[in-house]
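Contents: one structure, followed by commentary.
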Amino acid sequence: MTPKYLVCPSCKTLYEFVASIKSCPRCSAPLFTIYEDLEQVLKKVIVNARERAIQGLGVWSFGELLPTKFIGKSLGEGWTPTVRLEKFANVLGVDILIKNESRNPSGTFIDRGTSIDVQVAYENSFSKIVSASLGDYAISLSVYAKRYEMSVTHYIPRFVEPWKLYMLTLLGDTIVEVEDYPSAVRKASRMSAKNQHYLSIPCSPTVIDGYRTIVFELIQTLQKIDWIAVPVGDGVLATAIFKGLNEIKDVLDIDTPRILTVKLSENSEKTLQKSAEPTLTELSGGIVRNILTTILRDSASHISIERSEVFTIAAQLAELEGIIVDPVGVASLAGVKMATELGIVGRGEKTLVIISGSPSKDSYVLYKIIEHGGKEKLLQRITEGRDATYISNTQKEILKILYEARQCYAYRIWKKLKNLGYNITLQTVHHHLKNLVEKGYVRILGSDGKRLLYTISELGEEYLDKELGT
Ligand SMILES: [Zn+2]
């Protein structure tokens, strides 16, 4: 049903609900919807939800608790499995359940929010959507927009991984690459205002309401757990879980678990870039700070972890439990480990950990997981017999870079490898290039007197085709 009001959890201002308000006009914080008769609706919906989910309604099994007039189209989002970890939990001495959000249609919890937001756009008679995001949100949004025959223009920072751009290209929507996230939000907002297109961004109240369905699905579990661990990218998921828990606590009088937010310490530098622009840009650039320091200040504990920790956890999760998830998606689990070691989470306490992100098929990412699991020697044994034609992971990445850029100097390849997380010297890149030229995978196009210009050869392209095709 359509909510009556929007309230700012930070400055407490109340607004009439309008779908075009994306954040608090006064203080830029994310806004929460307020529904009439929440108590009655919540009780009624929760009772019937599981049955409606079996009928294929997905996230719409909570229809009356979502900010739309009608029930929208489902692709089977939500109702992801909750699995108890065994060996891994024993190692830590903590009881751990994971809610595996990588099982959503596009591989992340984001589908819960975009499915709702596209329906909101549809009900408000929009046929075009403008969006700003870091890629995962864009993919999810395009997937759902297809169902409504709506087109989307995505504003995305240049540094997002190429595979995300490939997916968006497959989905056929428009991509506009910009400098960074704040300028993506700024340009998308301007574009939507100018052309009267619907603006869909992760921190809006309608998206938050979709994300919070995770909490409603867990209603049976909530009273049995002490903690709910949430990965923090832009912080919107943690905010949504905070909102859902409070709704349940206030209305149903249920004891709810504490929130443990986990963020990657490297990432925080990137997402917290300061911006001089007010309102929406400020919100998106500063949302993590905003949410963590204001809204969740007294009701959550915060953990910040190193990127390398995440790879180690991904390796352990695969070896001990048979679960392979993208390393970024297990940050929350790494956070629980650290929180246990620090005594924030007590031994014997029960934690529900939200993990997200599809299993990675990127050979570099998989290699990094293997390396952190201490198993690179096993891999060497497999690859030794292939020496004559063996292409190392770094060399494969160089081939991919050349394939995408068509032609490159060594310096640019080196820069790109650094951006991908390779800790490598320019000299090593020269060495790899020489080796690839000898193997016939790379050709030298020419020279500007000082530097050589490289391109991928047909043989190199054939090699990549074979690699990617299998
Ligand atoms: Zn406010």
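Under this note's numbering, residues 1147 to 1616 are what the sequence shown spells out, in order.
Glycine included, every Cβ here is placed at the ideal spot set by N, Cα and C.
Would you say the beta carbon of residue 1156 comes nearer than 6 Å to a heavy atom of ligand 1?
Flag set: Cβ of residue 1156 near ligand 1.
Three-state class that DSSP yields for residue 1373 in the structure shown:
strand
Does the region 1247–1256 touch the region 1286–1294, meaning 3 or more C-beta pairs lie closer than 8 Å?
The region 1247–1256 and the region 1286–1294 touch, with three or more beta-carbon pairs separated by less than 8 Å.
Buried or exposed (CB count within 10 angstroms, at least 16 for buried), residue 1235:
Residue 1235 is buried by the Cβ-count criterion.
Residue 1477 in three-state terms, based on DSSP
helix
Starting from residue 1213, trace the alpha helix (DSSP H) in both directions and tell me its first and last residue.
Per DSSP, residue 1213 belongs to no alpha helix (DSSP H) and is neither H nor E.
Sort 1346, 1476, 1469 and 1364 by Cα distance to residue 1378 and report the nearest one.
1476
Residue 1245 - containing beta strand (DSSP E), residue span
Note, residue 1245: beta strand (DSSP E), 1241–1246.
Is it the case that the Cβ atoms of residue 1456 and residue 1375 are separated by a distance below 7 Å?
no
Could you confirm whether any beta carbon from chain D is found closer than 7 Å to the beta carbon of residue 1483?
The structure shown contains no chain D; it holds only a single protein chain.
Can the beta-carbon of residue 1301 be found less than 7 Å from the beta-carbon of residue 1333?
In this structure, residue 1333 lies closer than 7 Å to residue 1301 by Cβ.
Can you determine whether any heavy atom of ligand 1 sits closer than 6 Å to the C-beta of residue 1278, and answer yes or no?
no
Proximal residues to residue 1314 (C-beta, below 7 Å), its chain only, five neighbours per side dropped
Same-chain partners within the cutoff: 1284, 1285, 1288, 1300 and 1321.
Assess contact between the region 1481–1493 and the region 1353–1369, defined as three or more Cβ pairs (one per stretch) separated by less than 8 Å. Is contact present?
No, they do not touch.
For residue 1366, name the three-state secondary structure that DSSP assigns.
helix
Residue 1310 to residue 1546 span [Cα, whole Å]:
15 Å
On the DSSP letters alone, give me the boundaries of the beta strand (DSSP E) that residue 1303 sits inside.
For residue 1303, the enclosing beta strand (DSSP E) covers residues 1297–1303.
Can you find a heavy atom of ligand 1 that lies under 6 Å from the Cβ of residue 1551?
Checking every heavy atom of ligand 1 against the Cβ of residue 1551, none is found closer than 6 Å.
Take residue 1553 and list the residues in its own chain whose beta-carbon comes closer than 6 Å to its own, dropping the five residues that flank it on each side.
1591, 1599 and 1601
Have a look at the DSSP bridge pairing and note the partners of residue 1180.
1151
Report yes or no: do the region 1195–1211 and the region 1459–1472 share at least 3 C-beta pairs separated by less than 8 Å?
no
Determine, using beta carbons only, whether residue 1180 and residue 1150 come nearer to each other than 7 Å.
Cβ atoms of residue 1180 and residue 1150: closer than 7 Å.
Is the separation between the beta-carbon of residue 1587 and that of residue 1567 shorter than 7 Å?
Contact flag unset, no.
By DSSP, does residue 1592 sit in helix, in strand, or in coil?
Residue state, collapsed to three classes: strand.
Excluding five sequence neighbours on each side, which residues of the same chain lie with their C-beta closer than 7 Å to the C-beta of residue 1496?
These residues qualify, in order along the chain: 1241, 1370, 1371 and 1372.
Minimum C-alpha distance to residue 1152 - residue among 1213, 1204, 1192 and 1194:
1213
Closest to residue 1360 by CA distance: which of 1344, 1174, 1343 and 1382 is it?
1382
Does the distance from the CB of residue 1484 to the CB of residue 1459 come in under 7 Å?
no
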